[in-house]
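One structure is given here, and the rest of the page talks about it.
There are 2 protein chains.
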Amino acid sequence: MGRCSLLLLLLLIAFLTPGAANPVSPSLRAPSSLPWSTSFRSRPTITLKYSIRYIQQKMDSSPLSHQRSPKLKCFHVDHFGFNIDRTFKQRYLIADNYWKEDGGSILFYTGNEGDIIWFCNNTGFMWDIAEEMKAMLVFAEHRYYGESLPFGADSFSDSRHLNFLTTEQALADFAKLIRYLKRTIPGARNQPVIALGGSYGGMLAAWFRMKYPHLVVGALASSAPIWQFNDLVPCDIFMKIVTTDFSQSGPNCSESIRRSWDAINRLAKKGPGLRWLSEALHLCTPLTKSQDVQRLKDWISETWVNVAMVDYPYESNFLQPLPAWPVKVVCQYFKYSNVPDTVMVQNIFQALNVYYNYSGQAKCLNVSETATSSLGVLGWSYQACTEMVMPTCSDGVDDMFEPHSWNMKEYSDDCFKQWGVRPRPSWIPTMYGGKNISSHTNIIFSNGELDPWSGGGVTKDITDTLLAIVIPNGAHHLDLRASNALDPVSVQLTRSLEVKYMKQWISDFYVRLRKMN
Amino acid sequence: MGRCSLLLLLLLIAFLTPGAANPVSPSLRAPSSLPWSTSFRSRPTITLKYSIRYIQQKMDSSPLSHQRSPKLKCFHVDHFGFNIDRTFKQRYLIADNYWKEDGGSILFYTGNEGDIIWFCNNTGFMWDIAEEMKAMLVFAEHRYYGESLPFGADSFSDSRHLNFLTTEQALADFAKLIRYLKRTIPGARNQPVIALGGSYGGMLAAWFRMKYPHLVVGALASSAPIWQFNDLVPCDIFMKIVTTDFSQSGPNCSESIRRSWDAINRLAKKGPGLRWLSEALHLCTPLTKSQDVQRLKDWISETWVNVAMVDYPYESNFLQPLPAWPVKVVCQYFKYSNVPDTVMVQNIFQALNVYYNYSGQAKCLNVSETATSSLGVLGWSYQACTEMVMPTCSDGVDDMFEPHSWNMKEYSDDCFKQWGVRPRPSWIPTMYGGKNISSHTNIIFSNGELDPWSGGGVTKDITDTLLAIVIPNGAHHLDLRASNALDPVSVQLTRSLEVKYMKQWISDFYVRLRKMN
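Going line by line, the protein sequences match chains V and Z.
Just so we're aligned: 367 in UniProt numbering is position 367 of the first sequence, and the numbers increase by one with no gaps anywhere.
Just so we're aligned: 328 in UniProt numbering is position 328 of the second sequence, and the numbers increase by one with no gaps anywhere.
Okay, here's the thing in structure tokens:
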């Protein structure tokens, strides 16, 4: 399997290929393709107003005054070393329509692996609560994503240029930006800041509160699998949850899918099997060799994973437009597990069409695509090969996928081949505490029960200020999406609770502030 | 003033030179020359037993078993980047004579800017309480000091090799080491670790608890000026405290010293003044040009600072052997402020002899030395030019020194000339929270009231778990020194209190552990 195509397949596919080159984290496709779908139908008329800012200055020189006009903001490329004294422009967005200097707050989105405008446009929750929280909204772009490329076009050219793409550097960027905003925006200095993020951005929000509690009074970490590292959770938990989603969404659904792999295998072995499969699935590029079959199955598996993650209760526009409760719709084609192989494949085709052709416009299915987005594929691939090593596996018994074990050695070798670096799988728990995080405070961990990533998330309260909320019928960070008439009560309650806690943190902040003055 | 001689003078001298090249932090001489004096007289017969360890492994490979024989322990040179995959040997010492697996603890010394054996031999407090705490003692050497040189002889050759000398990397070393020890020493896994350190090591202990609270249950930060950064405290506070020490140690003492600078200036301007001064002060190398006079005054000033820091109540052997209460002894020679200039200089000579010739063996005084020790001068100079920017200043009115303002621009330019790097003075507060650290827990900040560094330290309780202890009659981290019959009651009480708190942290740890099991 070619490395380039692996990348185009957006990471997840690799781990479903036992023994195949596995250069990028299996599990990473998912957080990197977070279902930040825009619910255009539920929010057709609202135009989100924000300023795009690039304010130019070196952080340690005297501050410039806060300006409305686009300026360039430069950060040191390396916060943790002094040899390279280069800076780069970090992009961030600000919306202050509802912000109040008196008793207000700053909601700070800790950007993840993609274009920040895309995240901004798709984090309706922050926009929905801005007025109630008297909040300034800030969306900070993660370095090496979107326009925030430290070395421009060369940013991904080799491990030397990529060396500054780490969570620690990203958090330091956020810290510098918050200090800069407080210093330069009149009225912002004595305001509480709350970090918010989803998926990888949710991890960053939580870690930011852990590492920089002097800069944010709390964090809302939505669907943040901070424990999907090392051996903190079983590696098979992710695929088990996907399987459960399918099991619960239609009779025989997961069982049919479990059997579908062998159906494909059997057909592929027959003389004209590859051609038949290519035609039955309407593939844009026909299968020509046996490796293509593995790639096909990986692509299909990844599709089911994606559908599970974005199993939202209303029509949404993720990578493709999707119906409400898409897993249920997919499962309509998997009602019968004991069907001839050819029928099974035709059912797979129908099911794939739910995800890839809901609009009815697709002329063929492209095995090298499962996501087209503002996500930064190269950047995430590198992160998966360094810090963000999130083991996943499947056994085909407790889940509906073909068996695939987690092989750290192979993973590391593939990373070395691809990027010239070797992952340090135990680094994230060393740095961020693993399961031993009880000394921290004021973090909400919200998880959708349907979300495969909830398996690596915090789903039980740790202390009375490290809170877990599980959202029945919730998919991947549903709570951060804009309010929708079809939202289940569970997510409405979740959002209310989140607002309540955040208001408490803000109120506590102002009490402390008054005591100090 | 030559740069090399500045370094030999161990950093502090520079800031007393208005307008002169100032490549290294004024204030840094002091913490880098911490008075870890061994009180040999009070502890003549005890031999400290420890193992020197260098255990070889890469941190992320499978653990080797814990071995008594010296092995090599390798850490990644860069914890925060993956491009350089080199490792280095970090040295650490272990003493487990009193360690108990059952209900025991691990006291972890966060090594500062010097040879770890020197610190180990001079941190008597940890040895004194080991049995009572059933404690294993670990002394971890700070990278770029002692034998823990990441690039061997090249470690200080340029800013590229020095790029990994930061507090963040040092803390990450400690984190890795603790995880390694817990993984490999049978019985250590479920034991509470407490970080301890003095001066810069005290800052590291506090910061380690702040950043890695999952690895240590608390920290004892003795004489740790974590607020001597940016504008967190007035830059003149350090010299004011030195002055107060002298004012309180003898009539007219500080006033005499304040007047002594002009006496030197006046004499130096006379025809044979330089020669006369050289002879009167018994200088090993005669003064020959006007710049030498500034250098002389800086050296004298630094001497008074040093004497203030090590104003211990008993004879001690710091850089030179010293009498008990050395400031008082020095002040005996400054009883009269209105004396002829020549008499003043003769008095200075007598006073300098207290510090440089208590043994009576010195044949002349060497202006290029105020400390001879196991301290890492080059490393600290670089740290002072990057992260550890600790402003100090004097005005000659509220203190007894010649006026010297803090000039960041000049400081930065000098750093650039010396190391090719520029300091980032606001980085430490951004990283470690400045005065906004109330969300952390379980740190004891102890400060000697006589210690000039107490001005940048935490001297009032912040919360009921962020505790400050001020030790009347205490000099620089007196509490970490071995118990001595001449210790004032204040330091005895301090140590009791510290043990009480540490025992509480340990007890809380075991309560939590039992709850979990």
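The C-beta atom is built at its ideal place from N, Cα and C for all residues, glycine as well.
Taking only beta-carbon positions, decide if residue 465 of chain V is within less than 8 Å of chain Z.
In the first sequence, counting from the first residue as 1, residue 465 of chain V sits at position 465. No, because no Cβ of chain Z sits closer than 8 Å to the Cβ of residue 465 of chain V.
In terms of residues, what are the limits of the beta strand (DSSP E) holding residue 88 of chain Z?
Along the second sequence, one-based indexing puts residue 88 of chain Z at 88. 87 to 89 is the span of the beta strand (DSSP E), which, as asked, contains residue 88 of chain Z.
In whole angstroms, give me the CA-to-CA distance for residue 488 of chain V and residue 376 of chain V.
In the first sequence, the residue the question calls residue 488 of chain V occupies position 488. In the first sequence, the residue the question calls residue 376 of chain V occupies position 376. Each residue's CA atom was taken as its position, placing residue 488 of chain V and residue 376 of chain V some 31 Å apart.
Cα-Cα, which of V/140, V/398, V/206, V/48 is closest to residue 97 of chain V?
Locating residue 97 of chain V in the first sequence gives position 97, counting from the first residue. The option with the nearest alpha carbon to residue 97 of chain V is V/48.
Got a sec, what are the start and stop residues for the alpha helix (DSSP H) residue 53 of chain V sits in?
Counting from 1 along the first sequence, the entry for residue 53 of chain V is found at position 53. Per DSSP, residue 53 of chain V lies in no alpha helix (DSSP H) segment; the continuous beta strand (DSSP E) that holds it begins and ends at 51 to 53.
Where residue 199 of chain V sits in the DSSP three-state scheme
Working through the first sequence from its first residue, we reach residue 199 of chain V at position 199. DSSP places residue 199 of chain V in coil when its eight states are reduced to three.
Give the C-beta separation of residue 188 of chain Z and residue 106 of chain Z to the nearest angstrom, bearing in mind that I take them to be a contact with Cβ-Cβ under 8 Å.
For the purposes of this step, residue 188 of chain Z is taken as residue 188 along the second sequence, with counting starting at 1. For the purposes of this step, residue 106 of chain Z is taken as residue 106 along the second sequence, with counting starting at 1. The C-beta separation of residue 188 of chain Z from residue 106 of chain Z comes to about 7 Å, placing the pair in contact by the 8 Å criterion.
Which of helix, strand or coil does DSSP assign to residue 136 of chain Z?
In the second sequence, counting from the first residue as 1, residue 136 of chain Z sits at position 136. In the three-state scheme derived from DSSP, where H, G and I count as helix and E and B as strand, residue 136 of chain Z is classed as strand.
Taking only beta-carbon atoms, is residue 509 of chain V less than 8 Å away from chain Z?
Start at 1 with the first residue of the first sequence, and residue 509 of chain V comes out as number 509. Not one chain Z Cβ lies under 8 Å of residue 509 of chain V.
Examine chain Z for any beta-carbon lying closer than 8 Å to the beta-carbon of residue 194 of chain V, and answer yes or no.
Counted from its first residue, the first sequence places residue 194 of chain V at position 194. At a cut-off of 8 Å between C-beta atoms, residue 194 of chain V does not count as an interface residue with respect to chain Z.
Can you pull the chain Z neighbours of residue 159 of chain V, defined as C-beta to C-beta under 8 Å?
What you label residue 159 of chain V is simply residue 159 of the first sequence in a count that begins at 1. Within chain Z, the residues near residue 159 of chain V are 82, 83.
For residue 412 of chain Z and residue 84 of chain V, I'd like the C-alpha separation in whole angstroms.
Mapped onto the second sequence, residue 412 of chain Z falls at position 412. Mapped onto the first sequence, residue 84 of chain V falls at position 84. Roughly 16 Å between the two C-alpha positions.
Give the straight-line distance between the Cα atoms of residue 116 of chain V and residue 90 of chain V, rounded to the nearest whole angstrom.
As a working note, residue 116 of chain V is residue 116 in the first sequence. As a working note, residue 90 of chain V is residue 90 in the first sequence. Each residue's Cα considered, the two are about 11 Å apart.
Closest Cβ-Cβ distance between residue 164 of chain V and chain Z: below 8 Å?
In the first sequence, counting from the first residue as 1, residue 164 of chain V sits at position 164. It does; some Cβ of chain Z falls within 8 Å.
Using a Cβ-Cβ distance under 8 Å, would residue 179 of chain Z count as near chain V?
To locate residue 179 of chain Z, count along the second sequence from 1; it is residue 179. With respect to chain V, the C-beta atom of residue 179 of chain Z has a partner C-beta closer than 8 Å.
Give me the subset of the segment 433 to 445 of chain V whose CB atoms are less than 9 Å from a CB atom of chain Z, sorted by chain position.
Going along the segment 433 to 445 of chain V in chain order, one finds 433, 434, 435, 436, 437, 438, 439, 440, 441, 442 with a Cβ nearer than 9 Å to chain Z.
Take residue 365 of chain Z and list the residues in its own chain whose beta-carbon comes closer than 7 Å to its own, dropping the five residues that flank it on each side.
Locating residue 365 of chain Z in the second sequence gives position 365, where the first residue counts as 1. Same-chain partners within the cutoff: 281, 282, 283, 284, 352, 356.
Give the single residue among V/381, V/414, V/253 whose Cα lies nearest to the Cα of residue 156 of chain V.
In the first sequence, residue 156 of chain V corresponds to position 156, counting from 1. It is V/381.
Quick one: what's got a C-beta closer than 6 Å to residue 463 of chain Z's C-beta in the same chain, skipping five residues either side?
As a working mapping, residue 463 of chain Z is identified with position 463 in the second sequence. In its chain, beyond the 5 residues on either side, 438 have a beta carbon closer than 6 Å to the beta carbon of residue 463 of chain Z.
contact_flag[the segment 158 to 175 of chain Z, the segment 138 to 145 of chain Z] where n(CB pairs < 8 Å) is 3 or more
Contact holds: three or more Cβ-Cβ distances are below 8 Å.
At the 8 Å Cβ level, is residue 182 of chain V part of the contact set with chain Z, yes or no?
Reading the first sequence from its first residue, position 182 is the one you call residue 182 of chain V. For residue 182 of chain V, the answer is no, since every Cβ of chain Z falls outside 8 Å of its Cβ.
Nearest by alpha-carbon distance to residue 354 of chain V: which of V/315, V/388, V/483 is it?
Translated into positions along the first sequence, residue 354 of chain V becomes position 354. Nearest to residue 354 of chain V by alpha-carbon distance, out of V/315, V/388, V/483, is V/315.
When the distance is taken between beta carbons, is residue 169 of chain Z closer than 8 Å to residue 104 of chain Z?
Taking the second sequence and counting its residues from 1, the one referred to as residue 104 of chain Z is at position 104. Taking the second sequence and counting its residues from 1, the one referred to as residue 169 of chain Z is at position 169. The Cβ-Cβ distance between residue 104 of chain Z and residue 169 of chain Z does not fall below 8 Å.
For the segment 410 to 430 of chain Z, which residues have a CB atom closer than 7 Å to at least one CB atom of chain V, in sequence order?
421, 422, 424, 425, 426, 430: these are the residues of the segment 410 to 430 of chain Z whose beta carbon lies less than 7 Å from some beta carbon of chain V, given in chain order.
Can you find the residues in the same chain that come closer than 7 Å, C-beta to C-beta, to residue 99 of chain V, ignoring five residues on each side of it along the sequence?
Taking the first sequence and counting its residues from 1, the one referred to as residue 99 of chain V is at position 99. The residues are 134, 135, 136.
Measure the CB-CB distance between residue 211 of chain Z and residue 261 of chain Z and report whether it falls below 8 Å.
Here the question's residue 211 of chain Z lines up with position 211 in the second sequence. Here the question's residue 261 of chain Z lines up with position 261 in the second sequence. Contact flag unset, no.
Burial state of residue 340 of chain V (16 or more Cβ within 10 Å):
Translated into positions along the first sequence, residue 340 of chain V becomes position 340. Residue 340 of chain V comes out exposed.
Presumed contact (8 Å Cβ cut-off) between residue 222 of chain V and residue 250 of chain V, rounded CB distance
Your numbering for residue 222 of chain V matches position 222 in the first sequence. Your numbering for residue 250 of chain V matches position 250 in the first sequence. 27 Å between Cβ atoms; not a contact.
So, for residue 459 of chain V: in the same chain, excluding its five sequence neighbours on each side, which residues have a beta-carbon less than 6 Å away from its beta-carbon?
Mapped onto the first sequence, residue 459 of chain V falls at position 459. So the qualifying residues of the chain are 447, 468, 470.
Suppose the cutoff is 6 Å on Cβ atoms and the five residues either side in sequence are ignored; what does the same chain contact list for residue 344 of chain Z look like?
If you number the second sequence from 1, residue 344 of chain Z lands on position 344. Excluding positions up to five away in sequence, the list reads 260, 263.
Pop quiz: residue 224 of chain Z and residue 209 of chain Z are said to be a contact at Cβ under 8 Å. What is the actual Cβ separation, rounded to whole angstroms?
Numbered from 1 along the second sequence, position 224 holds the residue referred to as residue 224 of chain Z. Numbered from 1 along the second sequence, position 209 holds the residue referred to as residue 209 of chain Z. Contact between residue 224 of chain Z and residue 209 of chain Z fails: their C-beta atoms lie close to 11 Å from each other, not under 8 Å.
Against chain Z, does residue 24 of chain V count as a neighbour if the rule is that its beta carbon must be under 8 Å from one of theirs?
In the first sequence, the residue the question calls residue 24 of chain V occupies position 24. Low per-residue confidence applies at residue 24 of chain V: pLDDT is 31, beneath 50, and the placement is therefore not dependable, though the value from the model is reported in the following sentence. Residue 24 of chain V does not count as touching chain Z.
Using the beta-carbon count (16 or more within 10 Å), is residue 513 of chain Z buried or exposed?
Walking along the second sequence from the start, residue 513 of chain Z turns up at place 513. Classification for residue 513 of chain Z: exposed.
Measure the alpha-carbon distance for residue 79 of chain Z versus residue 379 of chain V and round it to whole angstroms.
Reading the second sequence from its first residue, position 79 is the one you call residue 79 of chain Z. Reading the first sequence from its first residue, position 379 is the one you call residue 379 of chain V. If I take the Cα positions, the gap works out to 19 Å.
Please confirm whether residue 175 of chain V has its beta-carbon closer than 8 Å to some beta-carbon of chain Z.
Here residue 175 of chain V refers to the residue found at position 175 when the first sequence is read from its first residue. Answer yes: the Cβ-Cβ gap between residue 175 of chain V and chain Z drops below 8 Å somewhere.
Does DSSP put residue 172 of chain Z in a helix, a strand or coil?
Sequence index remark: in the second sequence, residue 172 of chain Z carries index 172 (1-based). Residue 172 of chain Z: helix per DSSP, three-state reduction.
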